[in-house]
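Participant: Take this structure, written in structure tokens, and hold onto it; I'll ask about it next.
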DNA sequence: AAGAGTTTCGTACACTGTACGACGACTGTA
DNA sequence: TACAGTCGTCGTACAGTGTACGAAACTCTT
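Residue numbers (our numbering), protein chains in the order written: chain A, 1 to 219; chain B, 1001 to 1219.
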């Protein structure tokens, strides 16, 4: 009984369990007490590995950053940037709660810094000036995170939610839709027709942006 | 004394006061009790005008949508889209708490629907196909909201926060920075040099995207 | 065995959203 | 004028939150 090795706590385990919990139940559902339960510990025990909940989330976010693959060095910049963008979207899709918390936490984790540095390095090596690098970085990240944001928000979490929402909206908006012919045509028509494929939609905008950047770089 | 007209409550007043409060103190600080205090009412009185807090926020968000100017009809589509993008960024800057809550609420307010419809209409009228309209809409909004997201997050709320954060980061990351030469060169150099002007940065990416869309449309 | 960490967590406090039901002030009908 | 009914207001209560404090229990060194 003495040294029951029952999963002794440490910061990494706490963080990983928190990420898993948030993946399953959403970030709002994550409380210190529930997380502690998940770990078979008391709530206050967590505070030995995490100074407060904000820092906990900072740590969780950096775990997500760590999942994003760094831009490759052995391919041209466009391919490298494209891959890293796709990888970012995928990571944010695995951890939907993270969107909106990735940028601008007051503390930047190591994985965050490493990724930022690598992206900047890739652009500089490709021949972008310092000023242009900032621009290029800014457009790409705004687009990537913005897209992930919409994608996250749009998609109802569970299928039953989806059905409920769809039915609800048709009912609620039926009266209004007469005033919004373009919504009817585009949204109604498009959704009914081919459905909305987020992956290809994402690539359309991404390539448009990369095309633009390439043109600027070669000018 | 009977009919003391002391600011009798109504949904719009509740919503407007909530927006004002969130503008000043942030959305996390907004609680039903504090909002009620602000209105000189009891907490439970609010529930006569708002079914729950989620719906309250939905209403607040739609007030922000209402501040975004619709695309003009008497100018070319590029100008119209550019203006509404700028207007969107400005609205989100006035109400930083709103970023991340604009899209994908389960209920879309009337101002939201009106804006969406108008944007779609503008693109269709400009000659974009239905499919292309969806693409064009998606890139633009992803970029606009993504940019606003980063801008919101990046900027510390108060000056003293800013100073604290800056000092803190220099200290914390001093050791790490040796590993991140590109961060040093680009961020260090750029911030030190000309500072970071969000407005022009925003326009750079926006014009890049609009250029790309124009090329596609004319193809 | 004694003492010094280090890790665990029970309890408590202030705060959250909101369900329930009571109270008063109005309105309409008799 | 009296009574019934509705509507807006809100006091109280409950379950849940983050976390400060301080007490235990365990581990390791001497």
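All C-beta atoms, glycine included, are put in the ideal place defined by N, C-alpha and C.
The model shown is predicted, which means the values in this text are computed figures rather than measured ones.
(1) When DSSP labels each residue in this structure, what does residue 218 (chain A) get in the three-state scheme?
(2) Candidates B:1200, B:1123, B:1179: which alpha carbon is nearest residue 185 (chain A)'s?
(3) Between which residues of its own chain and residue 1005 (chain B) is the CB-CB distance below 8 Å, once the five residues before and five after are set aside?
(4) Counting only Cβ pairs nearer than 7 Å, list the residues of chain A close to residue 1080 (chain B).
(5) Which residues in chain B sit within 8 Å of residue 92 (chain A), going by Cβ to Cβ distance?
(6) What does residue 117 (chain A) touch in chain B if you count any residue whose Cβ is under 8 Å from its own?
(7) Given a cut-off of 8 Å on the beta-carbon distance, is the pair residue 960 (chain B) and residue 138 (chain A) in contact?
(8) Select from the segment 121–133 of chain A all residues with a C-beta closer than 7 Å to any C-beta belonging to chain B, and list them in chain order.
(9) Taking contact to mean 3 or more Cβ pairs, one atom from each stretch, closer than 8 Å, check whether the segment 80–88 of chain A and the segment 55–69 of chain A are in contact.
(10) Are the C-beta atoms of residue 1008 (chain B) and some chain A residue less than 8 Å apart?
(11) Are any of the Cβ atoms in chain B nearer than 8 Å to that of residue 138 (chain A)?
(12) From residue 1109 (chain B) to residue 45 (chain A), what does the alpha carbon distance come to, in whole angstroms?
(13) Say whether chain A places a C-beta atom closer than 8 Å to the C-beta of residue 1021 (chain B).
(14) Apart from the five residues just before and just after residue 1042 (chain B), which ones in its own chain have a Cβ nearer than 8 Å to its Cβ?
(15) Along chain B, in chain order, which residues have C-beta atoms closer than 9 Å to that of residue 135 (chain A)?
(16) By DSSP, does residue 1138 (chain B) sit in helix, in strand, or in coil?
(17) Under 6 Å Cβ to Cβ from residue 1157 (chain B), same chain only, skipping five residues before and after it: list those, please.
(18) Out of B:1097, B:1150, B:1077, B:1099, which one is the CA nearest neighbour of residue 1133 (chain B)?
(19) Check whether chain A comes within 8 Å of residue 1065 (chain B), counting only Cβ atoms and requiring the distance to be less than that.
(20) Indicate whether at least one CB of chain B lies closer than 8 Å to the CB of residue 69 (chain A).
(21) Is the beta carbon of residue 130 (chain A) less than 8 Å from the beta carbon of residue 1190 (chain B)?
Facilitator: Looking at the coordinates:
(1) Along the first chain, read from residue 1 onward, the residue named residue 218 (chain A) stands at position 218. Of the three classes helix, strand and coil, the one that applies to residue 218 (chain A) here is helix, per DSSP.
(2) Residue mapping note: residue 185 (chain A) aligns to position 185 of the first chain, counting from 1. The shortest C-alpha to C-alpha distance from residue 185 (chain A) to any of B:1200, B:1123, B:1179 is the one to B:1123.
(3) As a working note, residue 1005 (chain B) is residue 5 in the second chain. Since pLDDT at residue 1005 (chain B) reaches only 40, below the 50 mark, its modelled position is unreliable, and no value is offered.
(4) Counting from 1 along the second chain, the entry for residue 1080 (chain B) is found at position 80. Correct list: empty, because the minimum Cβ distance to chain A is about 14 Å.
(5) For the purposes of this step, residue 92 (chain A) is identified with residue 92 of the first chain, where counting begins at 1. Counting only Cβ-Cβ distances below 8 Å, residue 92 (chain A) has no contacts in chain B at all, with the closest Cβ about 12 Å away.
(6) Residue mapping note: residue 117 (chain A) aligns to position 117 of the first chain, counting from 1. By Cβ distance, chain B contributes 1179, 1180, 1181, 1182, 1183.
(7) One cannot answer for residue 960 (chain B) here, as it falls past the ends of chain B, which runs 1001 to 1219.
(8) Within the segment 121–133 of chain A, the qualifying residues are 121, 124, 130, 133.
(9) Verdict: yes, contact present.
(10) Taking the second chain and counting its residues from 1, one reaches residue 1008 (chain B) at position 8. So no, residue 1008 (chain B) is outside the interface.
(11) Locating residue 138 (chain A) in the first chain gives position 138, where the first residue counts as 1. Yes, contact with chain B.
(12) As a position in the second chain, residue 1109 (chain B) is number 109, starting the count at 1. As a position in the first chain, residue 45 (chain A) is number 45, starting the count at 1. Annotation: residue 1109 (chain B) to residue 45 (chain A) spans about 44 Å, alpha carbon to alpha carbon.
(13) As a working note, residue 1021 (chain B) is residue 21 in the second chain. Judged by the 8 Å Cβ criterion, residue 1021 (chain B) is not in contact with chain A.
(14) In the second chain, the residue the question calls residue 1042 (chain B) occupies position 42. The residues are 1036.
(15) Along the first chain, read from residue 1 onward, the residue named residue 135 (chain A) stands at position 135. The answer, in chain order, is 1201, 1204, 1205, 1208.
(16) In the second chain, the residue the question calls residue 1138 (chain B) occupies position 138. Looking at residue 1138 (chain B) - three-state DSSP - the assignment turns out to be helix.
(17) Residue mapping note: residue 1157 (chain B) aligns to position 157 of the second chain, counting from 1. Reliability fails at residue 1157 (chain B), whose pLDDT of 49 lies under 50, so the model's placement of it is uncertain and no value is given.
(18) Numbered from its first residue, the second chain carries residue 1133 (chain B) at position 133. For the residues B:1097, B:1150, B:1077, B:1099, the minimum Cα distance to residue 1133 (chain B) belongs to B:1077.
(19) Here residue 1065 (chain B) corresponds to residue number 65 of the second chain, with the count starting at 1. Chain A, which has no Cβ nearer than 8 Å to the Cβ of residue 1065 (chain B), makes this no.
(20) Locating residue 69 (chain A) in the first chain gives position 69, where the first residue counts as 1. Not closer than 8 Å to any Cβ of chain B, the Cβ of residue 69 (chain A) fails to qualify, so no.
(21) If you number the first chain from 1, residue 130 (chain A) lands on position 130. If you number the second chain from 1, residue 1190 (chain B) lands on position 190. A distance below 8 Å separates the beta carbons of residue 130 (chain A) and residue 1190 (chain B).
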